Each structure stands twice: as C-alpha cells, then as structure tokens.
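One structure is given below, encoded as structure tokens.
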Amino acid sequence: MARSAVPLYVAVFVALIVLTGVTVAVSYVDLGPASVVVALAIACVKAVLVLLFFMHLRESPGLTWVVALGGFFWLGILIALTMSDVLTRGWLPVGGP
Amino acid sequence: MTTAAAVVVEQPPLHYLNESYGVRSWLLTTDHKRVGLLYLLSLTGAFFVGGFFAVMLRLELLTPAGDLLQAETYNKFFTMHGVIMVFFFLIPSIPAALGNFILPLMIGARDVAFPRLNLASWYIYVLGAAFTTYAVVSGGVDTGWTFYTPYSTMSSTTQVMPTAIGIFIVGFSSILTGLNFIVTIHRMRAPGLTWFRLPLFVWSLYATSLIQILATPVLAITVMLLGAERLLHVGIFDPAIGGDPVLFQHLFWFYSHPAVYIMILPGMGVISELVTCFSRKTIFGYSYVAFSSIAIAVFGFLVWGHHLFVAGQSVYAAMVFSFLSYLVAIPSAVKVFNWTATLHKGTIEFRTPLFYALGFIGLFTIGGLTGLFLAALGMDVHVTDTYFVIAHFHYIMVGGMVMAYLGGVHYWWPKISGRMYPENLGRIAAFIIFLGFNLTFFPQFILGYLGMPRRYHSYPEEFQVLNVMSTAGASILGIGYLLPMIYLLWSLRYGEPASDNPWNATGLEWQTPSPPPRDNFEHTPVVTTAPYDYPGREVVVD
Amino acid sequence: MIEARFSLPLFPEQASTLAPRVDALLFFLLGVSVFFTVAIAGCLVVFAVRYRRRPGNEVAEQVHGSDRLEIAWSVIPLLLCLVMYVWGAQLYFAAASPPPNALEVTSVGKQWMWKFQHLSGPREINELHVPVGLPVKLLMTSQDVIHSLYVPAFRVKQDVLPGRYTQLWFQATRPGTYHLFCAEYCGTLHSGMIGQVVAMEPAEFQRWLAGGAGASPAASGEKLFSELGCDTCHRADAQARCPDLGGLLGRNVTLANGQTLVADEGYVRESILDPGAKLVAGYENIMPTYQGLVSEEGVLELIAYLKSLPERHP
Amino acid sequence: MTEHAAAVAHQFDDAEQQRGAAELGMWIFLATEVMFFGGMFTAFTAYRWLYPEAFTHASRHLDALLGGINTVVLIGSSLTMVLAVHGARHGHRRMLLVCLALTLLLGSVFLGVKAIEWSSKWEHGLVPGLHFTLTGADAGRQELFFFLYFAMTGVHALHLVIGICVVGVIFALAWRGHYSPEYHNPVEVTGLYWHFIDIVWIFLLPMLYLIGRHGA
C-alpha cells in the first residue's frame, strides 16, 4: 500500500514530460487560431494532473475541491468580465459611420 | 445553549486582561482577544486621523473659493482621508477588531485556528500603516484613493510609492485575517454547533473573509504593477505604448467594489445580533439572512464595471454590469426586510446598541436605494463622479458600517472590558451621530444631482448653501464621535462592573465570564439548540 | 452678487433633449425610494413604539420566518429593478449613439483646460458655443491624464482618455450659458478645469461661427498632410504604394490578417501613430510611425481632412 | 488542556483537527495566489487579444529551448517534492531528506537558467524602462509584452525563492528529526505550495514562449 504510490508519481511525471514535449512540438505547427486553444488545453491537462496526483486532490475531502476549483472559478470571473469590455469595445465604432 | 456549569471561585478571577501584564505580554500575545484589542486601538487611531482630514475638507468647502487650503493640499487631504479610512479603518474595522474578539467565543473555540498568524496580521497592518504614515508626513499623496493611471504613474509628483507600498502590505493583513477566519469557522466549531446553529455574525464574517481572500490579491498585484510603472516610467497601463488605463480601473474595482462588501457585510452581521437581542426574538428568516450574506459576497464580484459607465468601457459590457448590479441589490433588500420583520411582536428594549441598529437600518436603506440610481446606466452618466456618489457611499460606509461598528462596540463592551458604559450618554451620542450624519450627507445628494463634481477644491457659488449645511452637520457628527471615545475610556475605570450576560442574550460569548479567561471557556461548550433561542410562544407562519 | 450667494437651487436646469428623459427616470427612482424608505422607517418606528418592553409585553412571539413573505419581498423588488435597468439602459444607449447629422466638434483635454475646435474653423478654450436644436457631437481625447467632460444641464458626461477617442453628444434645447466641468480627478487644478457651454439660437450661432477666425481643421489637416509627406504615398493614382484615403471614414476595411473592421477615428489615429498594428490587406508595412511627430490636435486635423476628401472610384 | 499531545497547539482538540486546519489554510492561501497571478493573466489576455501580431513578434525573442528545459526541471522538482512528502508520510527519513535536497537543487537550477535568460534579455535590450532598444512600428506593444514577461516570470521566480527558503527550513527540521508519520504537516503544506509554483509555470510556458513559434 505504502509503496504503491511511487510508481504512480513517476507515471504522472512521465506524462507531464511527454505533454511538455507535445506542447512545444505543436507550437511549431501552424494551426491558426486553434493553436492557442490546443496550447491552453494541454496546459490545463498538465495542471489537473499535478492537482490530482502531486497535490493529492484525488484523496482530499470535498471542501478542498471547492477551494481549489473556487480559485480558478474566481479567476474566470475576473478574466471573463474584463474581456466582456475589451472584446466588445469596437462593436460601436467611436465617431460612428 | 448550555455549557457545563462548573463554578470555580477564584479570588480575584483570572481573565485575559490580568493574566499577564506589561508591554511584552501584549506585543507578543497570540490571544485572539488581545489581538482584537490591538486592532481596536490602532483602528481608533486611524479613524481619528482620517477624521481630521475630513474636518479640514469640510472646512475648506464652507466657501466656494478655495481659500483655506491650497488646491494641492486639499487634493492630498481627500486622498489621505480616503486611503486611511478605507484601508486602515473600514476594511479591518469589524472583522479584525470585533470579529477577532468575538468569533472564537461565538463558536466555542479556545482561539482562532492560527493564533500566531493572527498576531502577524496585526504587525503587517502596522507595517503598512507605517509606510502610509511616512507618505503622509513626508509630503502626502494626491492621486485620490483610486490611484487612476496615468495620473498616478506619470503625472503626480507626490508620495505615490510609499502609499502604494503601504496598501500592498496592508492587503496581506486583510488576506491573512480572512484565511484565518475561514479555517476557524470550518474547523474550530464547538461540538453540536452546526452551520445552521451559527450566529449570523459568524455567517457574515465568513462571507467577508471569502471576499478578503479572493479580491485582495488582485489589488496587491495591481498596486505592484502600478508601482513598477511609476518606477520605470513605462508599464502596462501606459497609453504611450498601447497600454489601457481602463484596464487598471477594471483590476482596481475588481477589488474595490467587493471591498465595499468587506466593509458592510460584517456590519450587517452585527445588526442581526443587535436586533434579535434587544427585541428578545429569534431572527425572522434565519436561512435567508444567512444565505443573503453569501449571495452578496458572490454577486459582489460580478458588478465592478458599474464604476466604469463613463470611463470608456464598452456599451455592451456596461449593460451587463448594470444588470448584474441590480441582482446584488436583492439580497441586501431581503436583509432589511427580515430585520424589520424581526422587530414585529418583539419586546423591544431601548438600549444604545439598538439605537445604532435602528439608525443603521434606516440609513442603509437610503444608501442602498440610492445605489439603484447609480446602477441605472442613463442616470449614472449624470451623477457619477459627483457628490451624489459621495453621499451614497457615505450612507453605506458611515451611516451603515460605522453605525454598526459603534453598535457592536457598545454591545460587546461589557464582554471586552468587564464594565458597563453609561447608558444615557450612549443614547445621546447615538442620537447626535444620527442627526449629524444626515445633516452632513443628505444635502450632498442634492449637490450631486445639481452637478457638483467630487474632488473639487473650489466650486460655483450657487452650491454654497448646501455645502454650509453639510459642514455644519459634520461638526455635529464630529462631536458625536468624540463622545463614545471619551465615555468608553471613562467606563474602563469608573463603569459599573458587568455581569457575564448583561443583555440576557443567547450566544456562547455570553456564557463565559466578562472578561473571558485566556482560553475563553472553562470547558468546551456543547451546543444543542438553534441560535437566538429566546423565550416566547412559537408561532408558525407559512 | 448677494442674490447669487444665497440662492439655493435644488434642481438643475434642463437644457438638452436628454435632460427631461433622465429626470423622468429620476422621479421614478425617487418614487420607489421614498416609498420603501417611508415604509421601512415607518415600520421601524411603529414596531419600536408598539412592541416596546413594558409590563404586559415582556415576552416576544417567536416567529421563525415565512417563505411566502421572503419570496414576495425578493421578487417584487427584483421586478422593480428590472424596470430601472431597462429604462436606464435605453437612455444610455441613446446617449451613446449620436445621430448621423450631428455637428462635429473635436476636443482635446489637458491639465487643466479644455480645447475645442469647430469643423468650420473656430477654436475655443474652456468655452464651447453650440446651436440650440441641432445635435452636436464631441470627439474627444486627452493629451495627458484622464479627464471627464461634464455638462450637468445636459445630463451628459464622458471620460476623456489619453491614447483613445471617446465621444459624447447632446442637443441643446434652451439658449443660455451652462457649466462645463471636468469630472474625473486630474491633478492640482482639477477644480479649475471648468468652463461654459454657450447654447445659442442657430442663426446667432452662424453669426458667431462667421466671426471666428482661423482655418478649418480640414484645411489645417490638408497642410499637415503634405508637410508630413503623407501625400507622397497616399495618392489616388495607380502607382500609389499606400491605400487611397478618400472616403475612408466609415468604410469597411479588410486587414492583412483577414479581419475586417469599420474605419473609425480611433482606427485612423492608431494607423498614424502605429501603422503596423492594423495593416490593410494588399499593402506592405512600409509606413513609419508618426508618434511624437504630430500632436493630438494635428491627428484630429488630419482626420478632419480625410473626412473632407471625396470617395474616388478608379 | 494538559491531555494535548506535545505537537498539538493549544487551540486544537487533536492532531487530526490541526492537520485539517493546516491543509485547508494552505489551499485557501493557494486560491489567493491564483488571484494574485490572475491579475497579470487578465492583463496578458487583454493585450494578447488587442495586439496579437506584436505579441507574436515579441515572443520570438524568447528562447523556447531554455523555457522547455526549465519546464522539465520544475516538473522534476515537483516529482522529488511529492516523493519527499511520501517519505514523510511513511517515515522514510532518508527518502525525505534526499528528495528535499533534490528539490532544492532543481529549484536552484531553474533559477539559474532563468538568470541566464534574463541577462540575455538585458544584452539584447529587451528590458522595458531600463534598457529597451527595440525600434520599429510595434516596438511599444512589444515593450508591453516584455513588461508582462518580466512581471510574470519575476513574481514566479520570487515565489520560487520563497519556496526554496521554506524547503531549506523544512530540510533542516527534517534533519533534526522533527517529522514523523503522525506529524509532518509542514512537509505536506510546503509540498502544496511547491506544486502550485509548478502549475503557474505550466501556464507561463505556452503563454509567453510558445505563441506564434511557427513561421519564426
């Protein structure tokens, strides 16, 4: 039981290294606008791996999940509502046609 | 609620105030009660320094011409009034002083979860205050407490850096207090004290702490970026390289709007305690009052853009923010209705804390309703950046928060000091404050709608009569604030000794001696009943 | 003088088409507020007196709450709030959409003065003359920090930002002289950054315009256009290395990265100061930046000149 | 209160309550850290949207190879950290000490590589405000990118410095045998903090180094 966690940690480490390789390799391919999505998706997967296994979120009580997700959720609020301004500023041209 | 009543007679009884003496025993204390008092002391200092600047501002505004202070001095004074009152008085006031003292008592704990961190928070506060004091005495700062770029980074020649550092530092004090309280409320409750048996003050402190931990870091990083920009003469808010000053306002208000709820939510919690205690009634709609605190904390994060309706924000974002702003009004209204309903069919005792509570409800109602004016887009265009806004937020901050703070200080004074304050003087002071407050700030609503912009050192002559009224009110208000300060100090020596539960209130804090012993309770209390379990016929209304 | 000193106005003048509409919303909001304030304060006083502790009323009746009441006093305020929201948003959108025929005035704010320029030539400082009965649009920018142009009698206010254009429009309804304030704190003499708006009958305004000296901004812009050498590249002939600018304002432009946008004043300003930022499709990034070579007023004059150019069809 | 075990502070009833409080406290602290970095991430998102070309150009001045190497180093340090926690949990003192030492080493390597990168930015005149020599049409916007680059990597490195100091203290205490399978909260919460630093870097790598690599 005690020993069984070590291979898991090593496996997660290998997965993280592989994903790092993938994200670097993919960045040299022109995917157009999708490249941002792919890069961030890979980063999210890596972050989730670290959270679940290295930070033991997998075995943590529900409250810890709430706190961990809460942090990212609030960051989402900050980015989303700020971008609601930045993205729509040009919709009503200043000066008008 | 019950505690195991083990009567131990000691002569004289040892409590947190006399268990040890000397400066060291205070400066190195980890007792949440003593840390609370350290805060109480520093906050009172900040309040009177901030108040001094307010008095000078009002005196200057007696006449339309800027003849008492120079424009530069006036600008520094309103900036320092704002910075000191917001960051060094309002934000820490109820949570760090009263909350620190009462929270562990209320939940039957021996201390907060991290007592040393708690003391560290106070030292961080003092360090932040030291930087800000340095800024004040070394020439002052004139950017307004909002630090809008590029004025604060490229134009102002005053002490922006030390002030920014002070605010950066004091933010961590606030974060650590919030962190401490959340962990304390989650992990340190007495046996049987379930979430729905918690006093509403605890709920409101919990909601406050949520905002403190999630909003304050954004202020910290924003102030840091601002400082770097000022230092390097180039930065991300600098229009010369394509930076966007409106982005600074987004980041700033992402903290500073929720910060308004940091200030008012604990006040609301205090009012729930006062209204129930002095009408000897259970709270009307416990779960609605409790959850409205959480709702205010969460929705409070979604509305900051209503400070930017004329700032060059997109019209569409403004519409979203306006809509969300109306949503946050509802839980506040629900609280007011529930407090009012609580008084119905109570048995109301007119003690000083209740005077403050009634004052709070009335003034908060006016403050809240005028918030609806500001959330209405087309209306906000006219009244934003005028005295209407000044009046609105002083009704919330001073008419609301400071009233609740003073109400709470009086209510828990017997527990804190072991002495009663003089009741009649207390009532008179509460009445003077209510009167002075309204005379100071009500005329400012009219001034604002007439179009008098805020932060004006001189103003057109037709605004003078209303300004004179406001200044007259301020002088009454000032006397009102000095009174409690004097008689509370007086009561420390000459006040009647307080019993353990002078108000016959429910709540664990009243079931331990006044003042409480170092570890709060002789034996850890076990809770078996709902809060506000006052006697009386139970009536069920569907 | 004595009279002015002791006058006590309680309501601002209504001098624009927007003003009565904002005031109507004010009265609705006031009505709702007074109702709730009186209701709550009334309840507080009545309850406090009626249920005061006295012999015969020493024990309260314990009521734990009522879901019906809670729903009622959540939903009714919410509905009222929605009315306020829609009403306010309508006014705001109207205030943000100037009519196409609006008379254009450009404005540059700086510490601590307001500069205005009419399209037909006259320049003013801290004073703005406008005709009654015609929509007027201000295209504004700041030379240093953020300012905010505020005319209480018109119920309009808009921040003026460095590095960007913002706009504001109004239609004055009554001749007179009205306060013009800077509403965004901008430094030492913020409260001195004031002036007046003079609304005049159209005929009188025309006379005032005619009496004003100075070249029109379009003419100054044309001069600047050749002084800066813009016309060596931006020409209407086939060998031109740069886009023809006739009729550019308001046109759809396709950029090199495939995006399209409507060419507004902000776009033109950006393209002068940072030409590579939004390159037009089919052209090389060869234009140098004019950052530091042309003032904000100069940029506004160039824009006025471009607006005066006819659209040329090859 | 004498029944409390020596390692349990007076305000807690038992070790379990103490452990729960410590872990919850650290997670909450990390949530505040998310928001602290979040301010910069928001600014980055906004400007990345406003000036995509300039950000692509500026990003090409960064060394993706060094960024990649540093990512591997930091992920490696996360592995050694989690193994140290594993050692503490199960009372393997040697494993705890060796892994903490490796974590310290890898953290320092990361900072060393970072220092090399920063000094090369200085040499190339890419430090906003102090030594910025880029010219050309979008130089201003690129300066914006580098301001954010230094702010983000700088604050990240500061966190790592603090992390290294804390791990150093933990190492010293572990050396003296302070920790046991029953009491090793400081090791656990330090681990959480360390992994958080790793997560921040996981996002910084693609955002700063990898945008628009293609066609470079």
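Residue numbers (this note's numbering), protein chains in the order written: chain A, -8 to 88; chain B, 7 to 548; chain C, 515 to 828; chain D, 187 to 402.
The beta-carbon is built from N, C-alpha and C at its ideal position, and this holds for glycine as well.
Quick caveat, the model's predicted, so the values are computed rather than measured.
If you ignore the 5 residues before and after D/A244, its C-beta comes within less than 7 Å of the C-beta of Q328, F331, F332, all in its own chain and listed in chain order.
Residue contact check for B/N344 against chain C: a CB pair falls below 9 Å. Beta bridge pairing from DSSP links C/R564 with no other residue. Bounds of the beta strand (DSSP E) holding C/P649 are 649 to 656.
Exclusion of the five residues before and after B/P251 leaves Y154, T155, P156, F243, P245 as the residues of its chain whose Cβ lies within less than 8 Å of its Cβ.
Not a single CB atom of chain D sits nearer than 9 Å to the CB of C/P676. For C/T803, the nearest CB of chain D lies under 9 Å from its own CB, placing it at the interface with that chain. Taking the Cβ atoms as the reference, C/I554 lies roughly 20 Å from B/I439, outside the contact range of under 8 Å.
Comparing alpha-carbon positions, the option among D/L260, D/S306, D/G211 lying closest to D/V375 turns out to be D/G211. B/R193 reaches chain D at Q203, G206, A207, L210, counting residues in chain order whose Cβ is nearer than 7 Å. Ranking B/N344, B/V147, B/V176, B/A221 by CA distance to the CA of C/L558 puts B/N344 first. Not a single C-beta of chain C is nearer than 9 Å to the C-beta of B/D37. The stretch 163 to 250 of chain B contains, as complete alpha helix (DSSP H) runs of 4+ residues, the segments 166 to 193, 206 to 238 (chain order).
Note that the stretch 617 to 628 of chain C touches the stretch 804 to 817 of chain C; at least 3 beta-carbon pairs, one per stretch, sit closer than 8 Å. Chain-ordered listing is empty here: chain D has no CB closer than 8 Å to the CB of B/R236, the nearest sitting near 10 Å. Within the same chain, V767, L775, K792 come within 8 Å of C/Y781 by CB-CB distance, once the 5 residues on both sides are set aside.
Counting other Cβ atoms within 10 Å of its Cβ, A/S(-5) stays below 16 and is therefore classed as exposed.
The alpha-carbon separation between B/T348 and B/N507 amounts to approximately 22 Å.
By the criterion of at least three beta-carbon pairs nearer than 8 Å, the stretch 785 to 805 of chain C is not in contact with the stretch 730 to 737 of chain C. Take C/E618, set aside five residues on each side of it, and the residues of its chain with a beta-carbon closer than 6 Å to its own are L633, K651, in chain order. Less than 9 Å separates the beta-carbon of C/M598 from that of C/L543. For a Cβ distance threshold of 8 Å, residue set V77 of chain A lies close to D/L236, ordered along the chain. Taken through DSSP and simplified to helix, strand or coil, C/V546 comes out as helix. If the five residues before and after B/T358 are omitted, its C-beta is found closer than 6 Å to the C-beta atoms of H416, G432, R433, A436, all from its own chain and listed in chain order. The continuous stretches of alpha helix (DSSP H) do not include C/V646, and DSSP gives it neither H nor E.
In the structure shown, B/T392 adopts extended strand secondary structure according to DSSP, grouped into three states.
In terms of beta-carbon proximity, C/D788 lines the interface with chain B, with at least one pair separated by less than 9 Å. Within 8 Å of the CB of D/L316, the CB atoms of chain B belong to L238, in sequence order along the chain. Separation of B/W128 and B/A317 (C-alpha to C-alpha, rounded to the nearest whole angstrom) is 36 Å.
Counting along the chain, the unbroken alpha helix (DSSP H) around D/I385 starts and ends at 371 to 390. For D/H345, the enclosing alpha helix (DSSP H) starts and ends at 325 to 361. The DSSP-derived three-state label of D/E368 is coil. Every alpha helix (DSSP H) stretch that sits fully inside the stretch 262 to 309 of chain B and reaches 4 residues is listed by chain position as 292 to 305. Contact between the stretch 814 to 825 of chain C and the stretch 347 to 354 of chain D is absent, with fewer than three C-beta pairs closer than 8 Å. The DSSP-derived three-state label of C/G796 is coil. Cβ proximity to chain A below 7 Å picks out L378, H381, D384, I385 from the stretch 354 to 387 of chain D.
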